[in-house]
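**Q** Just dropping this structure here.
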Amino acid sequence: MRAVKSVVVRLLARWETLLVLAIIGAGIWSWQLSPFFLQRANLLDLLTPYIFTGLMAFGLAFVVIAGEIDISIIGNMAVSVVCFAQLFAAGVNVWLAALIGLGISTVLGLVNGTLVSVLELPSLAITLGTMAAYGGLAFVVLSGEGVASFPVHYTNIGGGYIAGNQLPIALFLVVGAAVVLGLVLHATRFGRYVYTIGSNREAARFSGIPVTRVRVTVFAISGLMAGIAGVDYVGYFGSARADAGAGSLLDVVTAVVLGGVDIFGGAGSMLGVFLAFVLVAELRNGMNLANIQGDTQDIVIGGLLLAAIVAGNLLRAAQAGRIRVGPLRLGRKEVVGQEAAEAVVSSKLATQNLKGR
Amino acid sequence: MHRRKLALAGVVVGATLATALAITLSAGAGTKAGYKIYFLPKTTTIPVFTQNALGAKKAAKELGDTVTYNGPTDVSGPKQVPFINTAARQGYQGLVISTPDPNAVAPALKRAAARGVKVVSYDGDTAPDSRIIFVAPSSNKLIGAIEVQWAYSETGGKGEVAILSATPTSPNQNTWIKFMKQELAKPKYKNMKLVKIAYGNDDPTESAKQTQALIQAYPNLKVIIAPTTVGIQAAAQELQQEGKCGKIQLTGLGLPNDMRKYVKAGCANKFGLWDEQAFGYLATYVVHNVIAGKLTGKLGQTFKAGKLGSFTVAVSDGNKPVVVLGPPLAFTPANIDKYHF
Chain W
1 MRAVKSVVVR
11 LLARWETLLV
21 LAIIGAGIWS
31 WQLSPFFLQR
41 ANLLDLLTPY
51 IFTGLMAFGL
61 AFVVIAGEID
71 ISIIGNMAVS
81 VVCFAQLFAA
91 GVNVWLAALI
101 GLGISTVLGL
111 VNGTLVSVLE
121 LPSLAITLGT
131 MAAYGGLAFV
141 VLSGEGVASF
151 PVHYTNIGGG
161 YIAGNQLPIA
171 LFLVVGAAVV
181 LGLVLHATRF
191 GRYVYTIGSN
201 REAARFSGIP
211 VTRVRVTVFA
221 ISGLMAGIAG
231 VDYVGYFGSA
241 RADAGAGSLL
251 DVVTAVVLGG
261 VDIFGGAGSM
271 LGVFLAFVLV
281 AELRNGMNLA
291 NIQGDTQDIV
301 IGGLLLAAIV
311 AGNLLRAAQA
321 GRIRVGPLRL
331 GRKEVVGQEA
341 AEAVVSSKLA
351 TQNLKGR
Chain P
1 MHRRKLALAG
11 VVVGATLATA
21 LAITLSAGAG
31 TKAGYKIYFL
41 PKTTTIPVFT
51 QNALGAKKAA
61 KELGDTVTYN
71 GPTDVSGPKQ
81 VPFINTAARQ
91 GYQGLVISTP
101 DPNAVAPALK
111 RAAARGVKVV
121 SYDGDTAPDS
131 RIIFVAPSSN
141 KLIGAIEVQW
151 AYSETGGKGE
161 VAILSATPTS
171 PNQNTWIKFM
181 KQELAKPKYK
191 NMKLVKIAYG
201 NDDPTESAKQ
211 TQALIQAYPN
221 LKVIIAPTTV
231 GIQAAAQELQ
241 QEGKCGKIQL
251 TGLGLPNDMR
261 KYVKAGCANK
271 FGLWDEQAFG
281 YLATYVVHNV
291 IAGKLTGKLG
301 QTFKAGKLGS
311 FTVAVSDGNK
321 PVVVLGPPLA
331 FTPANIDKYH
341 F
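Protein sequences appear in the order of chains W and P.
Under my numbering, think of the first position of the first sequence as 1, with each following residue one higher.
Under my numbering, think of the first position of the second sequence as 1, with each following residue one higher.
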C-alpha cells in the first residue's frame, strides 16, 4: 500500500502528469465556455495556427536546457522566410528555395552559437542584439513588400488537410519534429551532454565533454527549427513578409518554461514542451470560441508563464526532498550541484557504454 | 510497472471523461432571430476600432442582428487567423474584417467562406478573392491628397515636411503615402520638401521617439503629417513637451477625443478623419445585405444603410467591388467640440 502511495506521489509529482491533467482541465473549462470546443473538426484543427511557435519551442528547449537563451528566433525565422520568398519570386523552385531558407537560418543560429560559446559572451545580450539585427535584415531583404501565391503542393505542408478535409498535414510535421528532437535530446550522447552542460558547465568541461562544440550546436538546432517554423508559417498563412512571426515570442517561451524546462538550465523534457505547447494552443482556442477578449487571453497566458516558473521551482525542491518552505533558492543550488554530479557520472558511463559497443 | 499501470489508468479515465463530455454535449444553442456577425479589427488595442464596433452595434440593433467584437492584441494578420477559424466554427453567418496583412488571412477566410461565412472587408482590405465586398472609408487618392492640402494651408506652402507613418508593411499607409507624394509633386507645392518618412509602428512610445528624432534631425522642419491615429496623438504630445507647438505644424488622421486637448493647446489646428462610428455602421449594413442575398458584389447594386442613406457598389482606386463611405471630415478648433469619438 505504501509502495503504491509513493508511486502515485512520484507520478503526480512529474511535471508531464500535471500538464496532462491541466490539458484535461482546460478542455473541460473550454467545453463549459463553448459547446463548439469538442467538435471533432475543432479538436483536430486546434493546434494548426500555432504550430510554428511549437516548432520554435522545440529548438529553443535545447538552448535553455544547456543553460542559455535565444530570443533571436523570431527575427531568424523572418530572415529565413524573406530569403526563401525572394528566391521563389525570382523563379527558384519552391522546395529548393525552402531548403536554402533552412540553410540560412541554421547559419544565423551558428552565428549566435559562435558568439556565445567561442567568445564566451552572455547569450541574453548576444541574442538581444541579433534579434534586432535579424529583424532589420529581414526588412532590408524584402522592404515593406509581401510575397504570396505560393504553389499549393508547397502550402499544403502548413495549410493542407487530409481525411475528409479535417486532419491538418502540419500535425504530422509538429509531432514528427517532437519525436525526432525528443530522441536527440533523450537518447543520444549529445543530448546527455546538453543536460550536463546546463547543470554545471565547469564540471562538464573537466569531465572531457566538448563543451564549446555542443553549445554551438544547440544554437544551430534552435536556428534550424526557426527555419522549419518559417516553412510551416509560409505554408499555413500563404504570405511571406519581413514582420513574420512578430509578437509570438511570448507563446514560444511560455511553451518552453511551462513545459518544465528549468530556466537556469539542466532540466526539462521534450514531452513536457510538447504538452505545454498543446495546453497554450488549447487555451487560446477555447478562449477564442468563448469570444474572450484578446487582452484577457494575454493575461491568462502570461499568468500561466509566471505560475509555471513558481510551481516549477517548488516542484524541483519537492523532488529533491526539500519541500520545507525556506530559502528555496539555496535549496535549489544544492540540488543543481547534486544533479550535476550525478549527470557527469552517468554521462561518463553512457560514453563508456557507447564505446563498448 | 506500477507506474505504467497508473499512467494507463490515467489515460483511460481521461478518455472516458472526454467521451462522456462529448456525449452529454447538447446541440441546443438558443436560436435568436437575426444574423450573427463577427467583427474582427486589426487589433482591439487601438481606439478607432472600438468606435467602429460601437457603430456596428448600433446598426445591428436596428437590423435585429447580433455583433461580436474581438481580435488580437498585436497588429498582425497571422494573429487574426485563430479568430477567423473560431468564428467559422461557431456558425457566424457574417464576418467583417480589417487586416494589416491581406495575404496572410486569405487562406483562413476562404476556409471560413467554404463553411458558409459571408466575408466583408473594411478599412484594411484583404486579398480580393477572399472577400465579397470591400468597404472603404474614402478614396485613397483623396485621403492622401487632402492631408497634403491641410499641410499646405497650415504652413503657407513653404518648408520641410516629414511623414510619421505606422508600420512600413501596412498597405493602406503605403497607398496614402504614395498619393501624398503624387500631390506634393504638383507645381503648387514646389516650396515644400518631403525630408523623411518615419515609422512609429502604431505604438505610442515608438511614435513619440520617432517624432523626437525628427525634431532633432531636421531643425527647419515645418510640418509633420501623421496618417495614423496613434502616431498623430503621440506626435502632438511630443511637440507639446518639446515646446514646438506652432513652430512645427501637425496634421494627418486623428480622433477628435484623442486630439481635443492638443487642439486647445494650439498643437494641431487642422487634421481629419472619417466618422469611425458611421464606418462600422456602414460595414455592418453591407454584411447584413450580403447575408440576406441582396448584395453579391456585382457593380451597380444599390442598398440603403439606415440613417446614412443609399450607397452603390462601385470601383474605387482601381479596386472592386467597393462601397465608399465618403470624403474625410476636417477637424479644426472651431468644430472639434461637435465630435465625440
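Ideal Cβ positions, reconstructed from N, Cα and C, are used throughout, including at glycine.
What you are looking at is a predicted structure, and each value in this text was computed from that prediction instead of being measured.
If contacts are defined as beta-carbon pairs under 8 Å, then Tyr92/P and Tyr38/P qualify, I think. What distance do you get, rounded to the angstrom?
**A** 4 Å between Cβ atoms; contact.
**Q** Can you look up Ile225/P in the DSSP assignment and give me helix, strand or coil?
**A** In the structure shown, Ile225/P sits in a strand (DSSP, three-state: E or B).
**Q** So, with DSSP's three-state summary, where would you put Ile133/P?
**A** Strand.
**Q** Out of Thr332/P, Phe331/P, Ile336/P, Phe303/P, which one is the CA nearest neighbour of Val322/P?
**A** It is Phe303/P.
**Q** What is the rounded straight-line gap between the Cα of Pro107/P and the Cα of Leu38/W?
**A** The straight-line gap from Cα to Cα measures roughly 23 Å.
**Q** Would Glu334/W be called buried (16 or more neighbouring beta carbons within 10 Å of its own) or exposed?
**A** Interpretation of Glu334/W is limited by its pLDDT of 40, a score under 50 that renders its predicted location unreliable; the figure taken from the coordinates is listed afterwards. Burial call: exposed.
**Q** Report buried or exposed for Asn288/W, applying the criterion of at least 16 other Cβ atoms within 10 angstroms of its Cβ.
**A** The residue in question, Asn288/W, is buried, as its Cβ has 16 or more Cβ neighbours within 10 Å.
**Q** For the stretch 287-328 of chain P, which segments carrying the beta strand (DSSP E) assignment without a break, of at least 3 residues, lie completely within its bounds, in sequence order?
**A** The qualifying runs are 302-304, 310-312, 314-316, 319-324.
**Q** Could you please give the first and the last residue of the uninterrupted beta strand (DSSP E) stretch that includes Gly69/P?
**A** According to the sequence displayed, residue 69/P carries Tyr and not Gly. Start and end: 66-69.
**Q** Taking a contact to mean a Cβ-Cβ separation below 7 Å, would you say Tyr339/P touches Pro256/P in this structure?
**A** Contact flag set, yes.
**Q** Less than 7 Å between C-beta atoms, sequence neighbours within five positions excluded: which residues of the same chain meet that for Pro373/P?
**A** Only positions 1 to 341 of chain P appear in this structure, which leaves residue 373/P out of reach.
**Q** Measure the C-alpha to C-alpha separation of Thr24/P and Pro35/W and round it to an integer number of angstroms.
**A** With a pLDDT of only 38 at Thr24/P, under the threshold of 50, the placement of this residue in the model should not be trusted, and no figure is reported.
**Q** Return the residue from the list Gln80/P, Lys57/P, Leu63/P, Phe331/P that minimises the CA-CA distance to Ser248/W.
**A** Nearest option by C-alpha distance: Gln80/P.
**Q** Taking DSSP as the reference, what is the three-state secondary structure of Tyr281/P?
**A** Helix at Tyr281/P.
**Q** So, under 8 Å CB-CB, Gly272/W and Trp15/W are touching, yes? Tell me the CB distance rounded to an integer number of Å.
**A** Right, their Cβ atoms sit about 6 Å apart.
**Q** In chain order, what residues of the same chain have a beta carbon less than 6 Å from the beta carbon of Gly246/P, not counting five sequence neighbours either side?
**A** So the qualifying residues of the chain are Gly266.
**Q** Bridge partners for Thr169/P per DSSP, in chain order?
**A** According to DSSP, Thr169/P bridges with nothing at all.
**Q** If distances are taken between C-alpha atoms only, which option among Leu275/W, Phe237/W, Glu282/W comes closest to Ala148/W?
**A** It is Phe237/W whose Cα lies nearest to the Cα of Ala148/W.
**Q** Looking only at its own chain, which residues have a Cβ that is under 7 Å from the Cβ of Ala26/W, when we skip the five neighbours before and after it?
**A** Excluding residues within five positions, the ones whose Cβ falls inside 7 Å are Leu279, Glu282, Leu283, Gly286.
**Q** What does the Cβ neighbour count give for Pro168/W, buried or exposed, with the cut at 16 atoms within 10 Å?
**A** Its Cβ being crowded by 16 or more others within 10 Å, Pro168/W is buried.
**Q** Along chain P, which residues have their Cβ under 9 Å away from the Cβ of Gly54/W?
**A** Correct list: empty, because the minimum Cβ distance to chain P is about 14 Å.
**Q** Counting only Cβ pairs nearer than 9 Å, list the residues of chain P close to Phe237/W.
**A** Chain P residues near Phe237/W: Gly77, Pro78, Val81, Asp101, Asn103, Ala104, Val105, Ala106, Pro107, Ala108.
**Q** Should Phe277/W be flagged as near chain P, meaning a C-beta pair shorter than 7 Å?
**A** Not one chain P Cβ lies under 7 Å of Phe277/W.
**Q** Residues of chain W with a CB under 8 Å from the CB of Thr126/P: which are they?
**A** Within 8 Å Cβ-Cβ: nothing; Thr126/P doesn't reach chain W, min ~11 Å.
**Q** Measure from the alpha carbon of Ile133/P to the alpha carbon of each residue in Thr44/P, Val161/P, Thr312/P, Gly159/P, then state which is nearest.
**A** Comparing Cα-Cα distances from Ile133/P to each of Thr44/P, Val161/P, Thr312/P, Gly159/P, the minimum goes to Thr312/P.
**Q** Does Glu16/W get closer than 7 Å to chain P when you measure Cβ to Cβ?
**A** No, no contact with chain P.
**Q** Taking the continuous beta strand (DSSP E) assigned at Val119/P, which residues delimit it?
**A** Looking at the DSSP string, the run of the beta strand (DSSP E) that includes Val119/P is 118-122.
**Q** Give me the subset of the stretch 47-64 of chain P whose CB atoms are less than 9 Å from a CB atom of chain W, sorted by chain position.
**A** Those would be none; no residue qualifies.
**Q** For the putative contact between Phe58/W and Ala187/W, defined by C-beta atoms under 8 Å, what is the C-beta separation to the nearest angstrom?
**A** Incorrect: roughly 15 Å between the Cβ atoms, too far for contact.
**Q** Could you have a look at Thr31/P and say whether DSSP puts it in helix, strand or coil?
**A** Residue confidence is low: Thr31/P scores 42 on pLDDT, short of 50, so the model does not pin down where it sits. Its coordinate-derived value is still stated next. Here Thr31/P sits in coil by DSSP.
**Q** For Phe84/W, would you say it is in contact with chain P, using Cβ-to-Cβ distances shorter than 7 Å as the test?
**A** Chain P contact via Cβ: absent.
**Q** To be precise: take each residue of the stretch 262-292 of chain W, compare its Cβ to all Cβ atoms of chain P, and keep it if any distance is under 7 Å. Which residues remain?
**A** Those residues of the stretch 262-292 of chain W that come within reach of chain P (Cβ to Cβ, closer than 7 Å) are Arg284, Asn285, Asn288, Leu289, Asn291.
**Q** Can you find a CB in chain W that lies within less than 7 Å of the CB of Asn70/P?
**A** Closer than 7 Å: yes.
**Q** Could you check whether the Cβ of Pro49/W sits closer than 7 Å to any Cβ belonging to chain C?
**A** Absent from the structure: chain C. Protein chains present are W and P.
**Q** Give the straight-line distance between the Cα atoms of Ile248/P and Ala85/W, rounded to the nearest whole angstrom.
**A** Near 41 Å, if we compare the C-alpha coordinates of Ala85/W and Ile248/P.
**Q** Please state if the CB of Pro102/P and the CB of Thr126/P are separated by a distance shorter than 7 Å.
**A** A contact, by the Cβ cut-off of 7 Å.
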